[in-house]
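*Asks:* This is the structure I want to talk about, given as structure tokens.
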Amino acid sequence: MPDLAVKPIDEVTPQVSGTPKAAGTLDARVAALDLPRDGFAMAARIDALARLRAMGLPAPRDEYWRYTDPRPFNAPEAQALPIVGGPESPLFASRDKLTLVFVDGVFDAAASDDPALDGVEITVLADAGAGHWAEDLYGTLEAAGQFPVRRPFAVLNTAAARDGLLIRVTGTPSKPVHVLHRRGTDAADAVWHHVIRVEAGAELTLLESGTVGARSNGVIEADLAPGAKLHHIAAKRANDPKVGLSHLFARVQDEASLKSFTLAVNGRQMRHEAVIDMVGDDAVAHIAAAVMGDGHVGPFHHDDTVFITHAGLRGESRQVFKKVLRNGATGVFQGKILVKQGAQKTDGYQISQALLLDEASQFLAKPELEIYADDVKCSHGSTTGAIDDEALFYLRSRGVPRDRAIVFLVLSFLADALQEVEDESLRDEINERLDAWLTDQPLN
3 MPDLAVKPID EVTPQVSGTP KAAGTLDARV AALDLPRDGF AMAARIDALA RLRAMGLPAP
63 RDEYWRYTDP RPFNAPEAQA LPIVGGPESP LFASRDKLTL VFVDGVFDAA ASDDPALDGV
123 EITVLADAGA GHWAEDLYGT LEAAGQFPVR RPFAVLNTAA ARDGLLIRVT GTPSKPVHVL
183 HRRGTDAADA VWHHVIRVEA GAELTLLESG TVGARSNGVI EADLAPGAKL HHIAAKRAND
243 PKVGLSHLFA RVQDEASLKS FTLAVNGRQM RHEAVIDMVG DDAVAHIAAA VMGDGHVGPF
303 HHDDTVFITH AGLRGESRQV FKKVLRNGAT GVFQGKILVK QGAQKTDGYQ ISQALLLDEA
363 SQFLAKPELE IYADDVKCSH GSTTGAIDDE ALFYLRSRGV PRDRAIVFLV LSFLADALQE
423 VEDESLRDEI NERLDAWLTD QPLN
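Residues are numbered in the working numbering as their position in the sequence shown, beginning at 1, plus a constant of 2.
Spelled out as structure tokens, the structure:
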């Protein structure tokens with residue numbers, strides 16, 4: 003088996019792209035990685051390292067990095083960031099669930115539940131051997147998602163991830179699978195890679211919560227067979243300073259359904275990318291997020307970049323993003339709906355909205371539609387606004403204190419995104435947590 007840890011990167015591929023400075027940055031970044039030396043995914047890792055070498059790392063002037071500084075992710079080492087705050091009661095506490103714990107991106111078997119669960123087969127990436135079902139999927143959707151926009155940090159993840167989960171769903175498990183992230187050190191540079199295959203007619207709810215390293219790079223590849231359903235809900239710990247990247251790559255086949263929701267409250271610099279390929283007829287994909295950022299808690303920059311491709315008939319996609327920003331916080335949304343030729347009766351909808359609580363904060367939006375079919379219904383909208391004074395006056399005139407009235411209006415603003423969480427009890431739990439955060443940190 004090739005030993006990537008000791009092989010100079012130029013021996014992996016002779017191609018060198020970019021300026022000498024960019025190539026040097028990439029060399030330093032790769033040299034700092036502790037690359038896996040064995041495992042079932044070595045062919046995919048070698049391919050990824052070659053692709054990374056060919057494309058290089060992003061620069062601030064790259065089209066899809068215009069609004070977010072890539073340098074914290076380009077740096078060879080993670081900047082140490084303190085682990086702040088005391089214990090936080092975990093989200094989804096009221097749920098009966100199978101919890102799997104990752105500490106700084108590494109699976110912690112002792113802290114996790116027994117992964118045995120009817121209707122689902124779970125293997126830890128680090129333990130998977132040759133011939134594993136995920137061998138033909140690891141890195142495949144990530145590689146397919148590199149066109150037309152390059153996503154080099156996802157490629158880096160495929161090459162470097164040592165741990166993650168390989169989840170194959172064959173039925174409808176009696177409870178959700180919950181990935182709980184924890185930080186172990188203040189300089190953790192967490193990298194993990196999950197591969198999920200939901201077989202025909204099967205269904206899974208995947209929950210994520212907790213805090214993920216001082217710097218993190220996570221990838222999920224999800225392959226949904228005909229009629230499959232995947233509900234993904236990620237809610238990271240609030241107010242924890244972190245620099246993070248995540249990528250969701252999904253292939254959605256006939257009559258399959260993917261619904262993914264993300265909740266983020268403060269942090270430092272985060273970028274979430276979703277690349278959804280709707281290859282089947284009557285496929286459904288909903289991607290949503292509710293974000294709150296306060297520049298007084300720490301520098302806050304949150305970027306959601308979504309690319310949904312319709313290739314089948316009668317596909318339905320939704321992109322719903324709501325961001326509440328104050329004290330110099332920055333929100334970014336880049337969303338695209340691509341309708342390929344022949345993808346008739348497509349129904350695509352995209353909305354991104356920001357509520358700015360002061361003039362120091364900003365929201366940068368770049369909605370895009372690219373359509374090559376003539377019988378479709380696609381729309382997008384983006385707005386930026388402030389608290390409605392009339393609504394605030396109405397609530398105060400009925401005896402609601404000003405702080406509480408603002409909490410009501412913020413929760414109302416975020417409600418559209420939360421509606422994308424199908425399970426009403428999960429939605430209520432997230433809403434209650436948001437209410438508690440807003441009450442603890444008055445907005446005015």
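Even for Gly, the Cβ is constructed at its ideal location relative to N, Cα and C.
List the residues that DSSP assigns as beta-bridge partners of V277.
*Replies:* Sequence index remark: in the sequence shown, residue 277 carries index 275 (1-based). DSSP lists F251, F309 as partners of V277.
*Asks:* List the residues that DSSP assigns as beta-bridge partners of Q271.
*Replies:* The count along the sequence shown starts at 1 and reaches residue 271 at position 269. Paired residue(s): V245, H303.
*Asks:* Using DSSP bridges, identify the partner residues of R184.
*Replies:* Taking the first residue of the sequence shown as 1, we reach residue 184 at position 182. Per DSSP, V105.
*Asks:* CB-CB under 6 Å to V277, same chain, minus the five flanking residues each way: which ones, in chain order?
*Replies:* Here the question's residue 277 lines up with position 275 in the sequence shown. Once the five neighbours on either side are set aside, the close Cβ partners of V277 are G147, F251, F309.
*Asks:* Skipping 5 residues on each side, what residues in its chain have a beta carbon closer than 8 Å to that of D120?
*Replies:* In the sequence shown, residue 120 corresponds to position 118, counting from 1. The residues are G173, P175, S176.
*Asks:* Taking all protein chains shown into account, do 16 or more other C-beta atoms lie within 10 angstroms of the C-beta of A236, making it buried, or fewer, making it exposed?
*Replies:* In the sequence shown, the residue the question calls residue 236 occupies position 234. Under this definition A236 is a buried residue.
*Asks:* Per DSSP, A291 is paired with what?
*Replies:* Reading the sequence shown from its first residue, position 289 is the one you call residue 291. DSSP output for A291 lists T264, F323 as bridge partner(s).
*Asks:* From H312 to A285, what distance separates their C-alpha atoms?
*Replies:* Here residue 312 corresponds to residue number 310 of the sequence shown, with the count starting at 1. Here residue 285 corresponds to residue number 283 of the sequence shown, with the count starting at 1. Cα-Cα distance, rounded: 9 Å.
*Asks:* With DSSP as the reference, label K23 as helix, strand or coil.
*Replies:* Residue numbering aside, residue 23 sits at position 21 when the sequence shown is read from its first letter. With a pLDDT of 45 at K23, under the threshold of 50, the predicted position of this residue should be treated as unreliable, and no value is reported.
*Asks:* Cβ atoms of G350 and S319: under 7 Å apart, would you say?
*Replies:* Your numbering for residue 319 matches position 317 in the sequence shown. Your numbering for residue 350 matches position 348 in the sequence shown. Going by C-beta atoms, S319 is nearer than 7 Å to G350.
*Asks:* From the DSSP output, in three-state form, read off A77 for me.
*Replies:* Translated into the one-based positions of the sequence shown, residue 77 becomes position 75. If DSSP states are grouped into helix, strand and coil, A77 belongs with coil.
*Asks:* Quick check: what's the CA-CA separation for G141 versus K231?
*Replies:* One-based indexing of the sequence shown puts residue 141 at position 139. One-based indexing of the sequence shown puts residue 231 at position 229. Cα atoms of G141 and K231: separation of roughly 21 Å, rounded to the nearest angstrom.
*Asks:* Decide if the segment 182-194 is in contact with the segment 208-220; the criterion is three or more beta carbon pairs, one per stretch, under 8 Å apart.
*Replies:* yes
*Asks:* Alpha carbon to alpha carbon, how far is I408 from L327?
*Replies:* Locating residue 408 in the sequence shown gives position 406, where the first residue counts as 1. Locating residue 327 in the sequence shown gives position 325, where the first residue counts as 1. Between I408 and L327, the C-alpha separation is close to 13 Å.
*Asks:* Can you confirm whether the segment 287-300 touches the segment 259-267 when touching is taken to mean that 3 or more C-beta pairs between the two stretches lie within less than 8 Å?
*Replies:* yes
*Asks:* Are the CB atoms of L416 and A292 nearer to each other than 7 Å?
*Replies:* Your numbering for residue 416 matches position 414 in the sequence shown. Your numbering for residue 292 matches position 290 in the sequence shown. In contact: L416 and A292 (Cβ atoms closer than 7 Å).
*Asks:* Under 8 Å, with one C-beta from each stretch per pair, do the segment 130-144 and the segment 29-39 reach the 3-pair mark?
*Replies:* no
*Asks:* Here's the rule I'm using: 16 or more other beta-carbon atoms within 10 Å means buried, otherwise exposed. How should E65 be labelled?
*Replies:* Taking the first residue of the sequence shown as 1, we reach residue 65 at position 63. Exposed, since its Cβ has fewer than 16 Cβ neighbours within 10 Å.
*Asks:* Measure the alpha-carbon distance for G333 versus I389 and round it to whole angstroms.
*Replies:* To locate residue 333, count along the sequence shown from 1; it is residue 331. To locate residue 389, count along the sequence shown from 1; it is residue 387. For G333 and I389, the distance between alpha carbons rounds to 17 Å.
*Asks:* Work out the CA separation of D242 and L448 for me, nearest whole Å.
*Replies:* Past the boundaries of the shown model lies residue 448; the chain is included only from 3 to 446, so the question cannot be answered.
*Asks:* Using alpha carbons as the reference points, say which of K325, Q443, L411 lies closest to V299.
*Replies:* Along the sequence shown, read from residue 1 onward, the residue named residue 299 stands at position 297. For V299, the nearest C-alpha among the options comes from Q443.
*Asks:* Looking at the strands, I want to know which residues DSSP matches up with I389.
*Replies:* On the sequence shown, position 387 is the one that residue 389 refers to. According to DSSP, I389 bridges with nothing at all.
*Asks:* So, is E361 buried or exposed, given that buried needs 16 or more other C-beta atoms within 10 angstroms?
*Replies:* As a working mapping, residue 361 is identified with position 359 in the sequence shown. So E361 counts as exposed.
*Asks:* Around the C-beta of A438, are 16 or more other C-beta atoms found within 10 angstroms, so that it is buried, or is it exposed?
*Replies:* Taking the first residue of the sequence shown as 1, we reach residue 438 at position 436. With fewer than 16 Cβ atoms within 10 Å of its Cβ, A438 is classed as exposed.
*Asks:* Leaving aside the five residues before and after K99 along the sequence, list all residues of the same chain whose C-beta is less than 6 Å from its C-beta, in chain order.
*Replies:* For the purposes of this step, residue 99 is identified with residue 97 of the sequence shown, where counting begins at 1. So the qualifying residues of the chain are K177, P178, H180.
*Asks:* Quick check on the burial criterion: 16 or more other C-beta atoms within 10 angstroms. Buried or exposed for Y69?
*Replies:* Along the sequence shown, read from residue 1 onward, the residue named residue 69 stands at position 67. So Y69 counts as buried.
*Asks:* Could you check where the beta strand (DSSP E) with F335 kicks off and where it finishes?
*Replies:* Counting from 1 along the sequence shown, the entry for residue 335 is found at position 333. Per DSSP, F335 belongs to the beta strand (DSSP E) from 332-341.
*Asks:* Roughly how far, in whole angstroms, is the beta-carbon of S381 from the beta-carbon of A331, given that I think they are within contact range, below 8 Å?
*Replies:* Taking the sequence shown and counting its residues from 1, one reaches residue 381 at position 379. Taking the sequence shown and counting its residues from 1, one reaches residue 331 at position 329. Not really, about 28 Å apart at Cβ, beyond 8 Å.
*Asks:* Within the continuous alpha helix (DSSP H) that includes N433, where are the two ends?
*Replies:* In the sequence shown, residue 433 corresponds to position 431, counting from 1. From DSSP, the alpha helix (DSSP H) with N433 extends over 426-442.
*Asks:* Can you tell me the Cα-Cα spacing of A367 and V122, whole angstroms?
*Replies:* Taking the first residue of the sequence shown as position 1, residue 367 is located at position 365. Taking the first residue of the sequence shown as position 1, residue 122 is located at position 120. C-alpha separation (whole angstroms): 39 Å.
*Asks:* Tell me, please, which residues DSSP counts as bridged to K231.
*Replies:* Here residue 231 refers to the residue found at position 229 when the sequence shown is read from its first residue. Beta-bridge pairing links K231 to E205, S259.
*Asks:* List the DSSP bridge partners of V171.
*Replies:* Locating residue 171 in the sequence shown gives position 169, where the first residue counts as 1. Answer is V122, V200, bridged to V171.
*Asks:* My output table needs one value for Y210: the three-state DSSP class, helix, strand or coil.
*Replies:* Taking the first residue of the sequence shown as 1, we reach residue 210 at position 208. The residue asked about is misnamed: residue 210 is Glu in this sequence, not Tyr. Strand.
*Asks:* Out of G246, Q255, A240, S211, which one is the CA nearest neighbour of H234?
*Replies:* Taking the sequence shown and counting its residues from 1, the one referred to as residue 234 is at position 232. Of the listed residues, the one whose Cα sits closest to H234 is S211.
*Asks:* Below 7 Å between beta carbons: does that hold for T160 and E137?
*Replies:* On the sequence shown, residue 160 is found 158 positions in, with the first residue counted as 1. On the sequence shown, residue 137 is found 135 positions in, with the first residue counted as 1. Cβ atoms of T160 and E137: not closer than 7 Å.
*Asks:* Alpha carbon to alpha carbon, what distance is there between D71 and F149?
*Replies:* Indexing the sequence shown from 1 puts residue 149 at position 147. Indexing the sequence shown from 1 puts residue 71 at position 69. About 21 Å.
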